[in-house]
Each structure stands twice: as structure tokens, then as C-alpha cells.
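Here's the structure, in C-alpha cells; my notes come after.
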Amino acid sequence: MDDTPYILHHGGADGVTGSCHRLQIAPDRALLVDCGIFQGQDADHLDNLAQHEVHFPVQDVLALVVTHVHIDHVGRLPYLLAAGYRGPILCSVPSRRLLPLVIEDALRVGFTRDRALIERFLDEVERRLVAIDYREWHTLVDDERHRVRIRLKRAGHILGSAYVEVDSLDREHDRAQRTVFSGDLGAPGAPLLPAPKPPWRADVLVLESTYGDRRHEDRRHRRDRLEAAIDRALANDGTVIIPAFSIGRTQELLYELEGLIHRAKSPRWRELEIIVDSPLAARFTEVYRDLKPWWDAEAHRRLRSGRHPLSFDNLTTVDDHEAHERVVDYLARTGRPAVVIAASGMAAGGRVVNYLRRMLPDARHAVIFTGYQAAGTPGRDIQRYGPRGGWVMLDGERIPIHARVETLGGYSAHADQQDLLNFIRRMRHPPREVRLVHGEPEVQAAFKARLEAWAAERGHAMRVTLASRTS
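Adding 45 to a residue's 1-based position in the sequence shown gives its number in the numbering used here.
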């Protein structure tokens with residue numbers, strides 16, 4: 046008798062990024078959940094594309110399921126296809142719209158700028174994409190050996206994000222298991238998105254633990270802190286730079302900023318320019334507007350009142366590189382008050398680096414981090430050393446940090462410790478095994494202890510393990 050099903054991790058196990066998890070249903074049948082790139086210290090060599098090559102077997106993979114379209118969950122898709130994967134790519138309906146934009150950008154940055162090659166690859170991806178409605182079971186195989194089906198439910202992380210329920214029935218051995226892969230779970234109260242609701246049951250749960258050792262601020266408090274941080278920069282005649290990922294964080298920030306401007310009494314706020322300097326973020330924002338049916342009830346109330354939270358008068362987008370350079374130079378020289386949202390979210394590349402190089406040495410300006418900064422990234426260094434008046438290496442240049450550096454942890458798109466615990470404790474039938482992924486070692490250790498304490502208090506037999514990478 047074999048020991049399937051079992052789980053292997055090809056990324057997202059010994060660190061936060063590179064999510065890629067395999068459910069081995071039989072020796073010749075497997076399911077892959079996500080296939081993302083490594084970032085920060087999770088990456089062996091930041092400039093070496095070879096680290097993302099797929100060396101694990103793909104011929105037995107029935108399907109790839111995409112929980113959401115952040116690059117650390119889908120960025121290895123080109124490598125997966127290059128390794129010979131020819132199966133379907135399953136995702137939610139909103140992710141079906143967003144995924145080609147992410148892959149196009151990943152190809153252009155990491156592979157080639159040859160438009161014909163990019164189009165050919167995108168055509169291949171399009172042929173394999175299968176959109177699944179939330180809460181609907183989708184059968185992958187149903188024969189004399191197995192029945193395997195999956196269901197996606199809202200994860201509240203970014204638009205289109207999902208956690209995955211996998212029902213596997215081994216008819217030969219009369220064995221059934223429900224395995225749940227959390228993907229990235231969002232925090233309740235996030236702008237635009239309904240909060241995730243846990244599944245009814247799970248036998249085995251693969252659970253993210255990015256913020257498993259801490260609690261976030263509530264939304265009102267973090268919004269007040271965002272307003273106060275911008276107020277301080279306005280008083281200094283400075284620019285606020287917010288490194289943000291093009292999808293998810295950018296749109297949530299626009300939603301919050303529109304609300305602050307709408308309620309503002311100060312003329313400086315009423316006239317404050319909000320600049321999105323990222324062509325990709327601008328394209329994602331357009332798609333977000335098209336995907337209004339998946340917004341939450343609060344956002345729909347705002348729409349019905351005649352407001353446009355992702356398209357308002359103070360909002361300016363910067364497209365071409367020449368315009369970008371002009372904006373950087375103008376803001377650095379004049380100190381005109383503005384809020385600039387630019388990628389990348391961890392300051393590891395992209396247009397935000399040009400703003401930081403010019404503005405970090407100037408005390409008039411401010412940098413606000415609203416998302417997770419992985420160890421080994423410039424964002425983490427700025428976050429850590431900026432408040433001490435330290436320095437950071439950007440594009441090989443040592444940049445002194447005199448600008449104000451602030452972190453608003455409440456804007457994380459990830460669930461915090463209590464949210465993660467609630468995901469388990471609110472199940473009617475909690476899992477017998479929880480495997481923790483997507484977390485730094487000390488964070489996972491703290492969360493493991495918290496989960497074990499809860500299980501002991503409840504008298505529930507639950508084994509909590511820390512995942513380790515297979516290949």
C-alpha cells in the first residue's frame with residue numbers, strides 16, 4: 046500500500062517567496078498549486094535566472110492551480126512551460142483577466158523584449174487558462190482509480206485571489222482526503238475585497254504564515270496613520286514615496302487616498318496630486334475597474350454615491366520613461382507636495398528606485414512602506430536602517446537616508462496571527478495536520494507554538510509542521 050497523497054514543496058517552504066506546492070495523489074498523478082519566483086534572500090542569486098528553472102517532474106501534473114497572480118506565485122510559469130508542462134492552468138475568473146498582464150511583464154523584464162516571442166508565449170498561456178467560478182467544484186479526473194476535484198474560495202488577498210480545496214478519492218485503496226492550500230490570505234477590512242471565510246473542514250491544511258507572529262492595526266487606525274504621515278511630508282514641502290506592488294496594494298491605496306481627499310477640509314489635501322508611476326499598475330487599475338462585480342459591498346456603496354475610488358480628479362498616471370524622468374526631476378528639485386505610488390513593492394527594481402535615489406538623501410521627503418519587505422531586499426534595508434540615518438545600496442550606489450521612513454503594517458494584504466488562527470478555529474472540522482509555509486523561520490516557530498497551544502486548549506489532536514523545500 047503506497048503512502049499517497051503526500052505534499053512536496055518546490056518553493057515557499059524555507060522562506061516567504063517562490064510559492065510552489067505539489068500534492069502527489071499517486072506515483073503518476075499530481076496537482077501543482079502556484080509556481081512563483083524567489084525574491085530577496087530566498088533567491089540564491091538575485092541576477093541569476095537559472096535559479097528559477099524547473100527541475101522537478103511535470104509529466105505527472107494533472108493541472109496547475111493559481112491562487113493569485115502576484116509574481117512570487119506565478120512568475121515561474123514560463124519556466125514550467127519550458128520544462129514541458131502541457132496541462133491546464135486553473136484560476137478564478139478575475140485572475141483569468143489579470144494573469145496575462147503579469148506574465149507579459151515577467152517575460153519582458155526577465156526573458157526578452159522581442160514582441161513576437163512574447164505574443165507566442167502569451168498565446169500558449171491563453172490556450173491553457175481555465176477560469177473557475179468561486180465555490181463551484183471542478184473535476185480534474187474521475188475514473189476507476191481516482192476522483193480528484195478542486196474548489197476555489199475567496200482569499201481576500203488581492204482581486205481574484207483564492208484558497209484551494211482539493212478533494213481526492215483513491216478508489217483502489219478506499220482512501221479520501223480533503224487538502225486545503227491557503228495561498229495568501231487577506232486581512233479582514235481590506236479595501237475593495239470581502240474578508241475570506243474559512244472552509245467547513247480540512248484534513249490537511251497548507252497555511253501561509255507571513256505575519257504569524259504579530260497583529261495588524263485596525264483599518265481606521267492605519268488610515269489615520271497614513272493621513273498623518275502625508276501631513277508631515279506636506280508640512281515639509283516634500284513628496285511621499287510609497288513603494289507598492291502594481292496589483293493589489295496600488296489599488297487599495299488609491300481607494301484609501303480617494304476617501305481621505307473626499308473628506309479633507311484642508312486645501313492642501315484637496316489639491317494634493319496622487320501619481321501612479323507604473324504603466325503596469327495603471328493597466329491593472331483599469332482591469333480592477335472592469336471587475337467591479339467582485340468588489341465588496343462597501344466599494345459598491347461608494348460607487349452608488351457617485352464617487353470613483355480608482356479614477357478621481359487628483360489622480361495622475363505616468364506612462365512613458367521620458368515623462369517618468371521629468372516627474373522625478375521636478376519633484377526632487379521643487380519639493381512640490383505629492384504622493385507617488387511606484388513599483389516595485391520591495392524597492393528591488395522598477396521606477397521607484399529612481400525616486401528613492403534622488404529623494405532619500407533629502408529630509409523634506411518621506412518613504413512609507415505599506416507591505417511586507419522580504420529580508421535581503423532594498424526595501425527591508427531602508428525600513429531597518431532609515432530611521433537610524435543609515436544608508437542603502439541602490440543600483441550599486443550607496444545612498445544616504447535622510448528622508449523620513451515610516452511603516453504602516455496595517456496595510457498588509459496578508460492576514461495577521463489572529464486572522465490565521467481564526468481561519469482554523471472557525472472551521473466546523475479543523476485539520477488533523479497543519480503545514481506552515483511562506484514565513485521566516487522565527488515567525489513560523491512563534492506561530493507553530495500559538496497553534497499548538499490553541500489545539501491543546503481545545504483538546505484537538507493536530508500536528509503542526511514546518512515545510513521544507515524539496516527542490
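We treat Cβ as the ideally placed atom computed from N, Cα and C, and that holds for glycine. This one's a predicted model, so the numbers in the text were calculated from it and none came from an experiment.
Problem set entry | For Gln489 and Ile275, the rounded distance between their alpha carbons | If you take the alpha carbons of Ile275 and Gln489, they lie about 34 Å apart.
Problem set entry | Cross-strand partners of Ala542 (DSSP beta bridge) | Since the first and last residues shown for the chain are 46 and 516, residue 542 lies out of range.
For this session: State the beta-bridge partners of Arg196 as determined by DSSP.
Result: Beta-bridge pairing links Arg196 to Glu210.
Problem set entry | Check whether Ser457 and His261 have beta carbons under 8 Å apart | Contact annotation: Ser457 and His261 have beta-carbon atoms nearer than 8 Å.
For this session: Report yes if the CB atom of Ser389 is closer than 8 Å to the CB atom of Pro288, and no otherwise.
Result: Yes.
For this session: Give a yes or no on whether the C-beta atoms belonging to Arg220 and Val211 are separated by under 8 Å.
Result: Their beta carbons are not under 8 Å apart, which means Arg220 does not touch Val211 by this criterion.
Exercise. Looking at Arg173 and Pro139, is the spacing between their C-beta atoms short of 8 Å?
Worked result: No, the pair does not count as a contact, with Cβ atoms beyond the cut-off.
Exercise. Helix or strand or just coil, what does DSSP make of Gln418?
Worked result: In this structure, Gln418 counts as coil in the three-state DSSP scheme.
Problem set entry | Trp499: first and last residue of the uninterrupted alpha helix (DSSP H) it sits in | Note, Trp499: alpha helix (DSSP H), Pro486 to Arg503.
Exercise. Exposed or buried, which one is Glu367 when buried takes at least 16 other CB atoms within 10 Å?
Worked result: By the neighbour-count rule (16 or more Cβ atoms within 10 Å), Glu367 is not buried but exposed.
Exercise. DSSP state of His183, grouped into three classes?
Worked result: In the structure shown, the three-state DSSP call for His183 is strand.
Exercise. Three-state secondary structure (DSSP) at Pro324?
Worked result: The DSSP-derived three-state label of Pro324 is helix.
Exercise. Do you know offhand how far Val103's Cα is from Leu125's?
Worked result: Those two C-alpha atoms are separated by around 8 Å.
For this session: Buried or exposed for Asp150, please, with buried defined as at least 16 other CB atoms from any protein chain shown within 10 angstroms of its CB.
Result: With 16 or more other Cβ atoms within 10 Å, it is buried.
Exercise. Does the stretch 460-478 come within contact of the stretch 224-232, defined as at least 3 CB pairs closer than 8 Å?
Worked result: With contact defined as three or more Cβ pairs closer than 8 Å, the stretch 460-478 and the stretch 224-232 are in contact.
Exercise. Assuming His410 and Ile286 make a contact with CB atoms under 8 Å, what is their CB distance in whole Å?
Worked result: Your pair His410 and Ile286 checks out as a contact, with CB atoms roughly 7 Å apart and the cut at 8 Å.
Exercise. What separation, rounded to the nearest whole angstrom, lies between the Cα atoms of Gly424 and His345?
Worked result: In a straight line, the C-alpha of Gly424 is about 34 Å away from that of His345.
Exercise. Would you call the CB atoms of Glu318 and Ala383 closer than 8 Å?
Worked result: Yes. Within cutoff.
For this session: Evaluate Trp314 with the Cβ neighbour count: other Cβ atoms within 10 Å of its Cβ, from every protein chain shown; 16 or more gives buried, anything less gives exposed.
Result: Trp314 is buried by the Cβ-count criterion.
For this session: Quick one: residues in its chain with C-beta nearer than 8 Å to the C-beta of Glu485, no 5 flanking neighbours on either side, listed in chain order?
Result: Same-chain partners within the cutoff: Gly60, Val61 and Ala420.
Exercise. Helix, strand or coil for Val385 per DSSP?
Worked result: The DSSP-derived three-state label of Val385 is strand.
Problem set entry | Whole alpha helix (DSSP H) elements within the stretch 196-280, 4-residue minimum | Those alpha helix (DSSP H) runs which fall completely within the stretch 196-280 and span 4+ residues are 264-280.
For this session: Give the DSSP-derived three-state secondary structure of Val408 in the structure shown.
Result: According to the sequence shown, residue 408 is Ala rather than Val. The answer is coil: DSSP assigns Ala408 none of H, G, I, E or B.
Problem set entry | Rounded straight-line distance, which links the Cα of Arg473 to that of Leu496 | Pairing Leu496 with Arg473, the inter-Cα distance amounts to about 16 Å.
Exercise. To the nearest angstrom, how far is it from the Cα of Gly504 to the Cα of Ile413?
Worked result: Between Gly504 and Ile413, the C-alpha separation is close to 43 Å.
Problem set entry | Cβ contact (3+ pairs, closer than 8 Å) linking the stretch 427-436 and the stretch 168-185 | Too few Cβ pairs lie closer than 8 Å, so no.
Problem set entry | His474, enclosing alpha helix (DSSP H) - first and last residue | Segment: none, His474 is in no alpha helix (DSSP H) and carries neither H nor E.
Problem set entry | Limits of the alpha helix (DSSP H) - the one that Ile444 falls within | Counting along the chain, Ile444 falls outside any alpha helix (DSSP H), though it belongs to the beta strand (DSSP E) covering Glu442 to Pro445.
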